[in-house]
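Remarks on the structure that follows.
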Amino acid sequence: MGEKAPRVGVVIVSLAFFVLFYSMGYYMLNPILKTLHEEGLIPGRTEVEWRFNAGLIATILQGTGLVLSFVWGILADKIGRRQLLFLLG
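Residue numbers (this note's numbering): -12 to 76.
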């Protein structure tokens, strides 16, 4: 009764960010690439250049998600999943 229960909302939001970063590079970025280029957010004079730069952005996003997934797993193994969820809460 005196223990503070982990906040499930914070845990779910943090996991959602991990999943978002992991899948954002391909699933969420592709539909808006042309718009981002037209707005000047993705540099490149030719189509080959800006598509290459867009690929780099997608790779960075996916790499970030991959690293965060490993960090989550390592922390869960070292301090335990319950304690990790409690700390995040």
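Where a beta carbon is used, it is the ideal one built from N, C-alpha and C, also for glycine. Treat the numbers as computed from the prediction; the structure is a model and nothing was measured.
Looking at the secondary structure, which residues open and close the alpha helix (DSSP H) in which residue i lies?
| i | result |
| --- | --- |
| ASN17 | Premise fails: ASN17 is in no alpha helix (DSSP H) and is neither H nor E. |
| GLY60 | 34 to 66 |
Is it buried or exposed, residue i, if we count other Cβ atoms within 10 angstroms and call 16 or more buried?
| i | result |
| --- | --- |
| MET(-12) | Its pLDDT being 49, under 50, MET(-12) is placed unreliably by the model, and the measurement read from it follows with that caveat. With fewer than 16 Cβ atoms within 10 Å of its Cβ, MET(-12) is classed as exposed. |
| ALA3 | exposed |
Inter-stretch contact (C-beta, 8 Å, three-pair minimum) for the stretch 50 to 68 and the stretch 27 to 40: Counting Cβ pairs under 8 Å, fewer than three are found: no touch.
Taking contact to mean at least 3 C-beta pairs separated by less than 8 Å, is the stretch 21 to 35 in contact with the stretch 64 to 73? Taking a cut-off of 8 Å for Cβ pairs, the stretch 21 to 35 and the stretch 64 to 73 do not touch, as fewer than three such pairs fall below it.
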